[in-house]
Amino acid sequence: MKNCPCVHTRRDFLRTTLLGGALTLTVPTFLADTFSSLHAAAALDSATQVATGKDSPILVVLQLAGGNDGLNTLVPYANDFYFQARPQIGLKGDAVIPLTDQIGLHGGLTGFKSLYDEGHLAIVQGVGYPNPNRSHFRSTEIWETASASDRNEKYGWLGRYFDNACAGADPTVGVNIGSETPQAFWSPVPMGITLKNPGNYRFVSGERPGMGGGDLTEAYYKELNETDSGFGHGADDAAGASIGTVSSGNNAMAPGVGGASGNNSPLSFIERTALDAQVSSDKILAISKAGQNLATYPNSGLANDLKLVSRLISGGLTTRVYFVSQGGYDTHTNQVNAQNKNLKDLGDAMVAFCSDLKAQGNFDRVTVMTFSEFGRRVGENASGGTDHGTASPQFVFGGRVKGGLTGTYPSLDPAQLDNGDLIHTVDFRSVYAGLLENWLKTPSEQILQGKFDPFPLLA
Amino acid sequence: MLEPLPADQFTREHAAHLLNRAGFGAPPAEVDRYFALGLSAAVATLVQYERVPDTYPDPAWSVLDPQEAARIEAIRFLPDDQKRAAQEEIRKAYRKEDLELIVWWLERMRTTPRPLQEKMTLFWHSLFATSVVKVKNPLLMWQQNQTFRSLATGNWPDLLVAMGTDPAMLVWLDGRVNKKDHPNENFAREVMELFTLGEGNYTEQDIKQSARAFAGWHANPVTAEFNPGRPSEHDMGIKTYLGQTGPFSGEDILRILGNAPRSAQYVCERLWRYFGSEEPNPQLTGAMAARFQNAGLNFKPLLTALFLSRDFYAPEVVRQQVKGPIQWLVGSCRVLERPLPPPLLSYQMLRLLGQVPFDPPSVKGWDTGVSWISTNTLLDRYNFSALLVEGQFAGLGLGGGPQTFTPKPKDNPGQGPTPVQDPAMMQTQTPAVPPRPFLNLQGIAIDRLFTPQELADNDSLLDALQKRLIEGPLSETRRNSLRAYLQNEQPGPDRIKGAIRLLMSTPDYQLT
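So the sequences go chain by chain: A and P. Each residue of the first sequence is one higher than the one before, counting from 10 in the numbering used here. Each residue of the second sequence is one higher than the one before, counting from 1062 in the numbering used here.
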């Protein structure tokens, strides 16, 4: 390697020095943590030495995509209405793991049962929202943006959390395991990264067989992606300054916002993403190597993703929110087999993940929350499946979680259904508020754009 | 609004823009040819594409042998054990055909002498988003694709009727199980919500009444034949739909819908988003809708007016569109004058970048614009650039070991029955296995891309690179970085390949 242009651009410089200069009493501690690990080149050393980063709470959001059938997940196995509505697919006997004399877990969820018995699993019954929407994409949007069902909101609730509570933080404050950024992460000032595989999450230089080590592409890639184009931005000073300030509303950029000039251009958006990718990629690679898994995981897509999350936590990545997703819950036909497999994968992956965190000593720092865009209709359909419905349970795991059944199971009495659907008893935004206020320790009203009673979930 | 750009203001950059948007980009020589034609002839060449013969062959399996069809249809009468084996064999055949179909279309986009026809075909696929994951039989998907192609710039109500009776659509949105006595409203809802009107422009009553009119249409999922059904299967009663009342048939309903002013406005908005900008421009799309109505709801006059207009060449439009993955892959191969990567690799690249043809994430289609870009997809684009340029490439989690092809299952296609498959099948990768076999693809030929004069010195080369890959301005800082790379890297063809890869690994290259 010769003539390595390890330049720090003005923007990068401002980003660091402004933060550095701002490290006063008013700066939250996690901001100071991320500052000390900002320099990607020194990622391994600095990141693992971030003392306070190890103490900060972490939220893992686990999406069950497709609309998980809550009734066959948390089964009202002693309820006649349940079996009347579901003569074919209703679960009984060995197919249910009893929790109380009324309620039991799906038989595939042995993993959940062990965590429940330890007191590390809280089950919130009957979660939904008023005027439920039964479209996958619309209802997912509602859950990810935490908006009322009659209002279209572009930005995600986690994006607003990053924006409100983590401004100026390193991009790895939010990590989505996947390839596309979930709407939950969208925010006026984009933050958070998306990755699938740390081995590929980097610029791979063009070394060729038979060539010496003379490849300079990586060094120049950094330079090309560190600099502003000068087209899409105001003066360098303005761009740098707004990154350093806590509220940077005029820096707004998010999916869907276009325009030829200024900070809203697509070029500007891609430049920011490129910078985030670059700042985070060396760090992710180093940390994923430094991190260790101390448990054996089953072989499933979700287990692999959670294994990566655990490795990044163990490596000391200063992330506040991880987002992972498991698909396959849209069980219109032959639900029993499909859901068996999904829930077995889910339960087994969660047990491995929790054992891993316990062995690492990180279990008390992590809370996991599941969500699904809706539950399914109470009555089964003619194809051995269920169609789109409404309320379903949410599962919350962690060392600091107050375990047990909580909330109220919605009535299955046909007279108390809304056109064949369950009526929710807990608003999902209360669950979000509980985690924001009591776990992430941040006021929830601005993030959720409304006042919701924080649902008590933590011990 | 929609005023023509004066002919003498048509620049070479405008010609490149026209080919980028109305097609999949073009190498410099082709841009030069279109520029030399002048604005109106360039647009006419693109729009009046029937003048150019189309010789692209159909897939080998596109004509189904009647005996084979009878054999497949008889599978369900076999005893259980034989049935399972036979069904598995069919699934395998469909998977193979699906991959062939994807590549058949990508290759068609790359080589077509009728770029606008293919670009419009992709537009219709994005609007009437249908996925092979539920439809299963690639023959139905191919047939729908051919319908998009033949009606690509035709008449709007005709296209709606064709979609209402399209076998893939009848499977996808459950039209084939919509019965007079057991209505299924899936198609009736989506055709208004997503294809023609948008939410808030119809009532639940319109859905129910039109679902009645659509009842009785069938599609054969093996042979891809449409069957209009027996008269007794149709509800010939009086319906009230979008304010009109009569004993409407399904076709009547679709023609009422196509002729509704809101649907003309809606399709113009979608066209502007596709060809112009993600930024809504109600004034312009209003003018487009008026032009469209005057032209009898035919697309050719509308597209001609759009591609001739000042609005289309405005600074807030040119080079402000994020390339979708298909545009990125096909366009890159076109400007690099190289073939597509091998089928499985092309498929994998598009899957990782988020846009596999014939497999949109839902009936809503793909999210576009900056939604294409995440830290992950951006790094993937940068690394795949190396693969396209170098031909052989180490270090990526692609190409190593035997691979199988399975369309990625989805959780939310239409609202109807959906097979539930293991979502992890395509996603699972063993993280960080260090040494991977080198891929050995056909790379690019430097001497075909650049003249000796262009290769003579770094500044000429920079100009040539920018002209081929960016076709617009590049900031002085980025030019300086590239110049420094060219100065400092060891001389040889790898230096030039490195520079191409680097230029493709910039935010600027992701735009068109």
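Cβ coordinates follow ideal geometry from the N, Cα and C atoms, glycine included.
Going along chain P, which residues have a C-beta under 9 Å from residue i?
i       : result
I112(A) : Those within 9 Å of I112(A) in chain P number zero; the least Cβ separation is about 25 Å.
T226(A) : A1447, Y1546, E1550, G1559, A1560, R1562, L1563, S1566
Output, in chain order, the set of chain A residues within a Cβ distance shorter than 7 Å of residue i.
i        : result
N1437(P) : S188, T203, L204, K205, Y210
K1425(P) : F146
L1440(P) : Y210, R211, F212, A286, S290
Check whether chain P comes within 8 Å of residue i, counting only Cβ atoms and requiring the distance to be less than that.
i       : result
L449(A) : no
A52(A)  : Only weak support is given to the placement of A52(A): the predicted model assigns it a pLDDT of 37, under 50, and the question is left unresolved by the model.
Q230(A) : A small correction: the amino acid at residue 230(A) is Tyr; Gln does not occupy that position in the sequence shown. Yes, because at least one Cβ of chain P sits closer than 8 Å to the Cβ of Y230(A).
V213(A) : yes
S453(A) : no
A361(A) : no
Based on DSSP bridge pairs, tell me the residues matched to residue i.
i        : result
Y331(A)  : V69(A), V184(A)
H1075(P) : DSSP lists no partner for H1075(P).
K350(A)  : Looking at the DSSP assignment, K350(A) forms no beta bridge with any residue, so it has no partner.
S420(A)  : Paired residue(s): none; S420(A) is not in a bridge.
H397(A)  : R385(A)
N447(A)  : Note: N447(A) sits in no beta bridge, so no partner.
V375(A)  : I67(A)
I1136(P) : In the DSSP output, where bridge partners are listed per residue, I1136(P) has none listed.
Q1305(P) : Y1302(P)
N1288(P) : H1279(P)
F1572(P) : Going by the sequence as given, residue 1572(P) is Leu instead of Phe. Answer by DSSP bridge pairing, in chain order: V1383(P).
S1370(P) : P1065(P)
T340(A)  : Beta-bridge pairing links T340(A) to no other residue.
What residues of chain A sit near residue i, judged by a beta carbon separation below 8 Å?
i        : result
I1434(P) : F278, I279, T282
L1318(P) : Going along chain A, no residue has its Cβ under 8 Å from L1318(P), so there is no contact; the nearest lies around 20 Å.
Does the beta-carbon of residue i, which I'm using as the reference point, lie nearer than 7 Å to any heavy atom of the ligand GDP?
i        : result
R1291(P) : By its list of ligands, the structure shown contains no ligand whatsoever, and the ligand GDP lies outside what it can speak to.
Does the CB of residue i have a neighbour CB from chain A at under 8 Å?
i        : result
E1294(P) : no
N1444(P) : yes
A1077(P) : no
G1559(P) : yes
S1542(P) : yes
V1194(P) : no
L1572(P) : yes
G1236(P) : no
V1092(P) : no
G1415(P) : yes
D1569(P) : yes
Chain A partners of residue i, CB-CB under 9 Å?
i        : result
T1306(P) : In chain order: nothing, as chain A lies at least about 28 Å away.
- Message: If we require 4 or more residues per run, which alpha helix (DSSP H) segments fall completely within the stretch 81 to 154 of chain A?
- Response: 89 to 94, 119 to 126, 145 to 154
Jot down the residue ranges of each uninterrupted alpha helix (DSSP H) in the stretch 1421 to 1445 of chain P, minimum 4 residues, whole runs only, in chain order. none
| task | Pick out the complete alpha helix (DSSP H) segments inside the stretch 1201 to 1284 of chain P, 4 residues or longer, and give them in chain order. | result | 1217 to 1225, 1228 to 1233, 1247 to 1251, 1265 to 1275
For the stretch 133 to 164 of chain A, list every residue whose C-beta sits within 7 Å of some C-beta in chain P, in sequence order. H145, F146
*Residues in the stretch 281 to 312 of chain A having any Cβ partner in chain P nearer than 8 Å*: T282, A283, D285, A286, S289, S290, S297, K298, N308, S309, G310, L311
Note down, in chain order, all residues in the stretch 310 to 337 of chain A with a beta-carbon under 9 Å from any beta-carbon belonging to chain P. G310, L311, A312, N313, D314, K316, L317, R320, S334, Q335, G336, G337
**Prompt:** Considering only residues of the stretch 1500 to 1543 of chain P, which uninterrupted beta strand (DSSP E) runs meet the minimum length of 3 residues and lie entirely inside it, listed in chain order?
**Reply:** none
Within the stretch 1124 to 1196 of chain P, ranges of the alpha helix (DSSP H) (whole runs, at least 4 residues): 1127 to 1134, 1141 to 1172, 1176 to 1188, 1193 to 1196
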